[in-house]
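S.K.: Sharing a structure, written as structure tokens. Questions coming.
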Amino acid sequence: MNAHDVMDIALTAGEILLGYGAETYRIEDTVIRICNSYGYDAECLTVSKGLWLTIGQGKEKITSVKKVKKQSVDLYRIELVNDFSRKLCKKQLPADEAMKRLNYISNSPTFTYKVRLFASCMTGFIYTLFFNGTMVDGIVSIIICSFTYWILEKISKLGFFEFLQYYVSGLIIGLCSILSHMMIGSINSHNVITGSIMILLPGVILTNGIKDMLYGDFSSGISRFSEALIVIAAVSAGIATALLSLKGM
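In the numbering used here, each residue carries its 1-based index in the sequence shown increased by 5.
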């Protein structure tokens, strides 16, 4: 197989991994293993928004860059790419077959909106109870999480920058929690806020940022860690705005 086909396969696999939240060391290791399985030496460098790959045999080398524009978290797709690379190392595939499988992974259906909404509501409910909330607090969290997630989905489709999306989401959680306490005094707004914001916190991004730094990938690790802190700051700012707005009521 020629080097350009191998590079396309490796970069596509790396693009999927980076786009769906894989760690830097996992991306680079997978890309290099794919190239090695076809008999090519490879060097890979991954940053927060793209990756560089150089492959070759002997003195003949080619280099390519792939920029990843859209990023989210999908551990299922990461597992599919990992499984693909392991099987590829054991048995080589023709270029068209390998790309066909990667395109299937990239375009495979994700969880439906209803499933994601249900998961968000259950997350808010369980964490509200975990933080000493009552059943009533948990039910209020379900309502607030469903409304917040719906708003977040609508805002994200409009193309607003990430800070604004999470600021508005935090503001909604804060306002709804405080207003629910004002209407029903037995509701603990602090427990509701604490449980509901769990659907917004970037746990995977934060963890991967720390892991990257522990593995020595400081540029990528600091970038991811900073992204997580910005999200946390946006949510906190939204809740603080709600608290200050309704403080005198």
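Heads up, the beta-carbon is just placed ideally off N, CA and C, and yes, glycines get one too.
All values derive from a computational prediction rather than experimental measurement.
Can the beta-carbon of I202 be found closer than 7 Å to that of R229?
M.R.: no
S.K.: What residue from V70, V52, G44, E33 has the CA that sits closest to S225's CA?
M.R.: V52
S.K.: With a floor of 4 residues, list each alpha helix (DSSP H) that falls wholly inside the region 136-184, ordered by position along the chain.
M.R.: For the region 136-184, the continuous alpha helix (DSSP H) assignments of 4+ residues that do not extend past its boundaries occur at 140-163, in sequence order.
S.K.: Return helix, strand or coil for T59, following the three-state DSSP convention.
M.R.: Reduced to three states, the DSSP call for T59 is strand.
S.K.: Are Y154 and S125 touching if we call contact CB-CB under 7 Å?
M.R.: yes
S.K.: Could you tell me the distance, in whole angstroms, from the CA atom of I237 to the CA atom of K96?
M.R.: 44 Å
S.K.: Taking all protein chains shown into account, decide if K274 is buried (16 or more other Cβ within 10 angstroms of its Cβ) or exposed.
M.R.: This structure leaves residue 274 out entirely; the chain is present only between 6 and 254.
S.K.: Mind the definition here: the region 130-138 touches the region 162-180 only if three or more C-beta pairs lie below 8 Å; say whether that holds.
M.R.: no
S.K.: For S113, which three-state DSSP category applies?
M.R.: coil
S.K.: Could you tell me the distance, in whole angstroms, from the CA atom of A18 to the CA atom of E28?
M.R.: Distance between the alpha carbons of A18 and E28: 13 Å.
S.K.: Tell me which same chain residues have a C-beta within less than 8 Å of the C-beta of I215, skipping the five on either side of it?
M.R.: G226, F230
S.K.: How about I110 and L85: do their beta carbons lie closer than 7 Å?
M.R.: Taking 7 Å as the cut-off, the beta carbon of I110 is found closer than this to the beta carbon of L85.
S.K.: Considering K66, what are the terminal residues of the beta strand (DSSP E) in which it resides?
M.R.: 65-72
S.K.: Going by other Cβ atoms of all chains shown within 10 Å of its Cβ, with 16 needed for buried, is N193 buried or exposed?
M.R.: buried
S.K.: How big is the Cα-Cα spacing for I149 and S185?
M.R.: 10 Å
S.K.: If you count every other CB in all the chains shown that lies within 10 Å of the CB of T199, and 16 or more means buried, which is it?
M.R.: buried
S.K.: Any chance the region 57-66 sits against the region 111-120, with 3 or more Cβ pairs inside 8 Å?
M.R.: Not touching, per the Cβ criterion.
S.K.: Between the Cα of L157 and the Cα atoms of Y25, S191, V240, K72, which residue gives the shortest distance?
M.R.: The shortest C-alpha separation from L157 is found at V240.
S.K.: Express the C-alpha separation of S250 and H9 in angstroms, rounding to a whole number.
M.R.: 58 Å
S.K.: Is the distance from the Cβ of D142 to the Cβ of N196 below 7 Å?
M.R.: yes
S.K.: May I have the straight-line CA-CA distance separating A15 from K162, to the nearest angstrom?
M.R.: 30 Å
S.K.: What are the partner residues of E48, as DSSP defines its beta bridges?
M.R.: T59
S.K.: In chain order, what residues of the same chain lie with their CB nearer than 8 Å to the CB of A233, ignoring the 5 residues before and after it?
M.R.: P207, I210, L211, G214
S.K.: If you measure between the beta carbons of D79 and Y25, is that distance less than 7 Å?
M.R.: yes
S.K.: Per DSSP, what kind of secondary structure is D10 in: helix, strand or coil?
M.R.: D10 falls in the helix class under three-state DSSP.
S.K.: Work out the CA separation of L122 and K74 for me, nearest whole Å.
M.R.: 25 Å
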